[in-house]
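In my numbering, the protein residues as written are 121 to 384.
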């Protein structure tokens, strides 16, 4: 029987080179949980792991089990704990080196990821693509037939911008980059189900962001140009579950900063 999303704790093959192990950490921000991607070319014995997930002993041990501890490299899409919390335990179990955009998460390497670099491991050629916006350090990884997008593009719903360092200006550029590179490549997100083609999902995200910007502009017209983020959330997200308003506030804050920086 072919596995479908979600499948907790079970390695689910998605493409010829990519399989996913879903962490059991569902939530409003993580959807069904964090997707840990397990990559290798056919016939190879070693693996590349992308995002070891949260600090969860059971999940870390499952990654070590399905890879038989033979991890050539672990890559990190961005700094959030549901992606990085499992690093130390996975290193302890397997000795894997770890690379990320920021030095904080490096293990067994002093080389942070560089935009456009090609990583060769487990028989694969993986291109690192800077895609800031969700966070400043967000990186996507391009395979021959797929793109791992981290939280920049999800498998369902839309992405929250972390206003502590994510910006809408960066995010719109990142979406354009992913729409261009994603044509004909599968979408392998860090949360939610995979999709056979990234480009239409990226185009939807671009349209959605511009629609939200129009709604925020209209809210400012009614509320006044100095309205705060939560006042805008109450108006624009009135039909959304109030439990999601705090997350929406972060994205709205990023939108307000974008509009106030770009308006005449």
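The beta carbon of each residue, even a glycine, is placed where N, CA and C say it ideally should be.
{"Query": "Using a Cβ-Cβ cutoff of less than 8 angstroms, which residues in the same chain neighbour residue 323 once the five nearest sequence positions on both sides are dropped?", "Result": "299"}
{"Query": "Return the CA-CA distance between residue 175 and residue 352, expressed in angstroms with no decimal places.", "Result": "35 angstroms"}
{"Query": "Checking the sheet assignment: what are the DSSP bridge partners for residue 261?", "Result": "248, 268"}
{"Query": "Which class does residue 364 belong to by DSSP, given the choice of helix, strand or coil?", "Result": "helix"}
{"Query": "Would you identify the three-state DSSP class for residue 210, choosing helix, strand or coil?", "Result": "helix"}
{"Query": "Quick check: what's the CA-CA separation for residue 223 versus residue 205?", "Result": "15 angstroms"}
{"Query": "Which partner residues does residue 140 have in the DSSP bridge list?", "Result": "132, 157"}
{"Query": "What residue range does the alpha helix (DSSP H) around residue 193 cover?", "Result": "Run containing residue 193: none in the alpha helix (DSSP H); it sits in the beta strand (DSSP E), 191-195."}
{"Query": "Which residues mark the beginning and the end of the beta strand (DSSP E) in which residue 239 is found?", "Result": "238-241"}
{"Query": "Taking residue 325 as part of the alpha helix (DSSP H), name the residues at either end of that continuous run.", "Result": "318-343"}
{"Query": "Quick one: what does DSSP say residue 147 is sitting in, helix, strand or coil?", "Result": "strand"}
{"Query": "Considering only the beta carbon of each residue, do residue 269 and residue 307 sit closer than 8 angstroms?", "Result": "yes"}
{"Query": "Specify whether the stretch 340-348 and the stretch 283-302 touch according to this definition: at least 3 beta carbon pairs, one from each stretch, less than 8 angstroms apart.", "Result": "no"}
{"Query": "Between the alpha carbons of residue 369 and residue 164, how many angstroms are there, rounded?", "Result": "45 angstroms"}
{"Query": "How should residue 362 be labelled, buried or exposed, when 16 other C-beta atoms within 10 angstroms of its C-beta is the threshold for buried?", "Result": "exposed"}
{"Query": "Three-state secondary structure (DSSP) at residue 280?", "Result": "coil"}
{"Query": "Going by DSSP, which residues form a beta bridge with residue 315?", "Result": "307"}
{"Query": "Leaving out the 5 sequence neighbours to the left and right, which residues in its chain are closer than 7 angstroms to residue 309 when beta-carbon positions are compared?", "Result": "155, 269, 273, 274, 275"}
{"Query": "How big is the Cα-Cα spacing for residue 252 and residue 321?", "Result": "17 angstroms"}
{"Query": "Short of 7 angstroms in beta carbon distance, which residues of its chain neighbour residue 281, apart from the five on each side in sequence? Order them along the chain.", "Result": "253, 254, 288, 291, 370, 371, 374"}
{"Query": "Using the three-state DSSP reduction, which class does residue 353 fall into: helix, strand or coil?", "Result": "helix"}
{"Query": "How would you label residue 169, buried or exposed, when you count the other beta carbons within 10 angstroms and need 16 or more for buried?", "Result": "buried"}
{"Query": "When the Cα atoms are used, what is the spatial distance from residue 136 to residue 271?", "Result": "23 angstroms"}
{"Query": "One question on the structure: do residue 263 and residue 138 come within less than 8 angstroms of each other, judged by their Cβ atoms?", "Result": "yes"}
{"Query": "Have a look at 179, 327, 248, 328 and flag the residue whose alpha-carbon is nearest the alpha-carbon of residue 130.", "Result": "179"}
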